[in-house]
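Reviewing the structure listed below.
In the numbering used here, the protein residues as written are 165 to 398.
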């Protein structure tokens, strides 16, 4: 509940802005392109991005081909994101949202809202994150909708924020020799965009073959969650 200052309501009577307002604002945006050497043995390539770690960064993206956020690493004051894309030359547009203190401001006039402690909680010059949908599930081994594909359409320009990534690493031994030959297959959902539609569908971005004394246990993480943002005019 607001303890100080201005309140702004929407047409439904809900408070949109007051002294307790909290959202992430756009810090930076740009484009990276997949390339270099293929990674994973199935024709997928990395697109990497290194930026300031900031305070509470959240990255959204949309791409010209199938893509997912493979992982990220932090080194000192920098964070590096590794996108895995089907093919070289895939463009990955990104938007990084962060704490208001790091947000990019446009112009030198507008409305500011402060809390009772004098802290800035809203600045109309900031482009704020607009969440339009969520997609999450505890997942399952059979009957998972991701396997046949989930497509949703939106108004505006959708971009995806990836939370938990569902994956299955299936290890299979071949032959009867010792050491044994192991084929390791990674499957997980990649994201693709077509205009205002987003599709999540299971794909095979990596397969490897190696030898060992035994066949390693298969690995899996079944839950997944995503946010969908509207990045129109951001």
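For glycine and all other residues, C-beta sits at the position ideal for the given N, C-alpha and C.
- Between residue 233 and the set 206, 311, 194, 325, the nearest pair of CA atoms involves 325.
- Counted as a single uninterrupted DSSP element, the alpha helix (DSSP H) harbouring residue 310 occupies residues 309-312.
- The C-alpha of residue 297 lies about 20 angstroms from the C-alpha of residue 256.
- Setting aside the 5 residues that flank it on each side, residue 291 is surrounded in the same chain by 189, 190, 398, each with a C-beta closer than 7 angstroms to its C-beta; the list follows chain order.
- Here residue 358 is not near residue 322, since their CB atoms are 8 angstroms or more apart.
- Judged by beta-carbon spacing, residue 213 lies beyond the 8 angstroms limit of residue 295, meaning their Cβ atoms are not closer than that value.
- At a Cβ-Cβ threshold of 8 angstroms, residue 385 and residue 316 do not count as neighbours.
- The residue from 205, 231, 333, 220 with its alpha-carbon nearest to that of residue 382 is 333.
- Residue 286 places its beta carbon less than 8 angstroms from that of residue 185.
- Burial state of residue 198 is buried, judged by a 10 Å Cβ sphere holding 16 or more other Cβ atoms.
- Across the set 282, 242, 277, the C-alpha of 277 shows the shortest separation from the C-alpha of residue 289.
- Between the segment 254-271 and the segment 365-373, the count of Cβ pairs shorter than 8 angstroms is below three; the stretches do not touch.
- DSSP places residue 266 within a helical segment (H, G or I) once states are collapsed to three.
- Counting along the chain, the unbroken beta strand (DSSP E) around residue 336 starts and ends at 331-338.
- As the crow flies, the alpha-carbon of residue 182 is around 57 angstroms from that of residue 347.
- The Cβ-Cβ distance between residue 305 and residue 389 does not fall below 8 angstroms.
- Residue 376 holds the alpha-carbon nearest to the alpha-carbon of residue 335 among 376, 259, 171.
- Rounded to whole angstroms, the separation of the alpha carbons of residue 187 and residue 174 is 17 angstroms.
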